[in-house]
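Chains as they are written, first to last, in the working numbering: chain A, 1 to 347; chain B, 1001 to 1347.
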């Protein structure tokens, strides 16, 4: 069957200086092959668009190799098995894996593990939830908060990017674990949703004025911040550092405010880092892939929260593989509201 | 006897903007009283001059209250009990405590604990060693390295201010614990001493050129830095961040390069802090006072190293209380070579 299919792909044409634009991408169309013995052919349904993608476009050593020029852009996603010569996968199975920004992925047997191809159960959550709470962002929030943050009941947890994919998980999980959850997000609409829909104790609109974050943290964290989960870096990280409680933990998960710096420009350093000394606090980086062995346990726990309504999720779905370049830029301007998902095919 | 004594004191006259100068100090002379029931009169022998003193001169919240304008400058030191109405202290005892920059300290019973007054044993180490390896700097190095750094044999430990009081302890202790020790210090003479006398594996002269630290860390830490003990902040912290090994630990003990910033100017933030993320590393602040309950255990361990020659110490002794203002500034220009001690009286 697959011999009649053609595969539309988005490849990295050149590395961006600053923000990525359509010029950085090249669209190609290739015929789709058939799986060899042990292989699987997956049709992409939905892809996860993440801030980390901007980093993968840069040259140089990071926690993961850069996407090579001319290669299909890396992306995690949910797909459907449409042909299989591997007994572990049947036609019709829903799978999660590193599918890339393309309509189809032919996975030879030897690459199944490298692509992280695993069957997923849509009874635990919808396709978009599997890219959100049950996927990479949810796992990031879970292990960052639980393993590095080590939350204790009654503590104050602050998370930036609160309406984003990681942030919504962190705040809701903090509440489930008995903490106070204070979000930071851009705009009143997002803040209202974070408080009213997700049940955060408060949410600070960083767009509300130059001292909004500082004043908001002062108002909502009278005993200081015990855990700060940082997705943004820059001025907001500095404001959080200035309000740490004794023994605070900062999880460095990302720095979206700095990702579009030109490649040669380093990030803005946290001027208030000596607050770590004064408050005997620690700041620790995390990469979610390190916890892959424990994803199933976390997914099982999160699925129960989704089922009993204690965990809600919101996805912002953009349709069509051709919209990928513009969809991605929404992340860096804060235009997305909820986990950004690119729907490549309905089913 | 004490009624005939007069007490020369150094008080904080005004808070410095930038580097402290003689104008920031006021010299006073007061008669010395006699101890009331339960009290002790201590004659200052030697005082510890530490980078942290610059911070105590600033207004505002820190890990310890600032020295008030008009108050005797805070300083830890070794003294001799010359009058006592407290059964725990006998005339002739050598004591360590927060004596202040003055010739005598009259300690009422209720202040003995607050001043941290404890008897010390000169068989374990000399007076200057009690201000160095066995004192605050040694304890800082010990608990910073052991508790936060958690060194494992074979790991690479880098310490800035390697010829200073904390640095010499950290590097030697790292060697004792089976690690490689790489120092960073200012000038060839200090570097030679750190390697030849203290047994560090290498020492990088940060004054040797603009890329000396970066190149030196690259050469001497081929597998990256497992533990970085930071006493200086600024560019050197950034160079260390750029060379972290996976899972590295950074101990933030001080930032002498930033202490003379005007009060309103924040420290230079570490631009390379996202290396924490890439390398799943942590950066943690420490204040030595938190470990006070465990000083005796650490002192006992360090005393054995002094005795068996595995731990060496070097002190830079300046004489005379009147030289205090200029002596203190030597710390910030790197003029001291070894732990800086102000000898107030011979005995």
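Just so it is clear, CB atoms sit at the ideal spot from N, CA and C, and this is done for glycine as well.
Just so you know, these numbers come straight off a predicted model, no measurement behind them.
With a 10 Å radius around the Cβ and a threshold of 16 neighbouring Cβ atoms, residue 1281 of chain B comes out buried. Burial state of residue 184 of chain A is buried, judged by a 10 Å Cβ sphere holding 16 or more other Cβ atoms. Within 9 Å of the CB of residue 1280 of chain B, the CB atoms of chain A belong to 63, 284, 285, 286, 287, 290, in sequence order along the chain. Interface criterion met: the Cβ of residue 271 of chain A is under 8 Å from a Cβ in chain B. At a cut-off of 8 Å between beta carbons, residue 1082 of chain B makes no contact with chain A.
The continuous beta strand (DSSP E) containing residue 1319 of chain B extends over residues 1315-1319. Taking a cut-off of 8 Å for Cβ pairs, the segment 1288-1304 of chain B and the segment 290-309 of chain A do not touch, as fewer than three such pairs fall below it. Note on geometry: alpha-carbon atoms of residue 1239 of chain B and residue 1177 of chain B lie some 25 Å from one another.
With respect to the C-alpha of residue 1051 of chain B, the residue from B:1030, B:1161, B:1106 having the closest C-alpha is B:1161. Using a Cβ-Cβ cut-off of 9 Å, residue 1020 of chain B is close to nothing in chain A; its nearest Cβ partner there is about 18 Å away. Counting only the Cα atoms, residue 277 of chain A lies some 12 Å from residue 1148 of chain B. Residues of chain A whose Cβ lies closer than 8 Å to the Cβ of residue 1267 of chain B are, in chain order, 271, 272, 273, 274. Under the Cβ criterion (8 Å, minimum of three pairs), the segment 1162-1170 of chain B counts as touching the segment 1129-1146 of chain B. Its Cα nearest to that of residue 1289 of chain B, the residue A:279 stands out among A:285, A:279, A:292. Contact check for residue 78 of chain A against residue 101 of chain A fails: the beta carbons are separated by 8 Å or more. Distance between residue 1321 of chain B and residue 1217 of chain B, taken at the CA atoms: about 40 Å. Rounded to whole angstroms, the separation of the alpha carbons of residue 81 of chain A and residue 235 of chain A is 45 Å. With respect to residue 1155 of chain B, residue 1227 of chain B sits close: the two C-beta atoms are nearer than 8 Å.
Residue pairing by DSSP puts residue 1228 of chain B in a beta bridge opposite B:1158, B:1250. Under the Cβ criterion of 8 Å, residue 252 of chain A is counted among the residues facing chain B. Residue 1217 of chain B is outside the set of residues whose beta carbon lies under 8 Å from a beta carbon in chain A. For residue 1203 of chain B, the three-state secondary structure derived from DSSP is strand.
When Cβ-Cβ separations below 8 Å define contact, residue 331 of chain A makes no contact with chain B. The criterion of a C-beta distance shorter than 8 Å is satisfied by residue 16 of chain A and residue 57 of chain A. Residue 1255 of chain B has a beta carbon lying within less than 8 Å of a beta carbon in chain A. Looking at the backbone, the Cα of residue 43 of chain A and that of residue 341 of chain A are separated by about 16 Å. Think of a sphere of 8 Å around the beta carbon of residue 145 of chain A: no beta carbon from chain B falls inside it, the nearest being about 16 Å out.
Distance from the Cα of residue 1013 of chain B is smallest, within the candidate group B:1343, B:1345, B:1055, B:1070, for B:1070.
Beta-bridge annotation (DSSP): residue 1096 of chain B is paired with B:1078, B:1118. For residue 1182 of chain B, the beta-bridge partners assigned by DSSP are B:1158, B:1202. Note: residue 102 of chain A is bridge-paired with A:9 in the DSSP secondary-structure output.
Ranking A:121, A:31, A:91 by CA distance to the CA of residue 40 of chain A puts A:91 first. With contacts defined as CB atoms closer than 8 Å, residue 1193 of chain B and residue 1174 of chain B fail to qualify as a contacting pair. Here DSSP, grouped into helix, strand and coil, assigns residue 134 of chain A to coil. Only buried fits residue 128 of chain A, as 16 or more other CB atoms lie within 10 angstroms of its CB.
Taking C-beta separations shorter than 8 Å and ignoring five residues to either side along the sequence, the partners of residue 1027 of chain B in its chain run 1008, 1009, 1010, 1011, 1322, following chain order.
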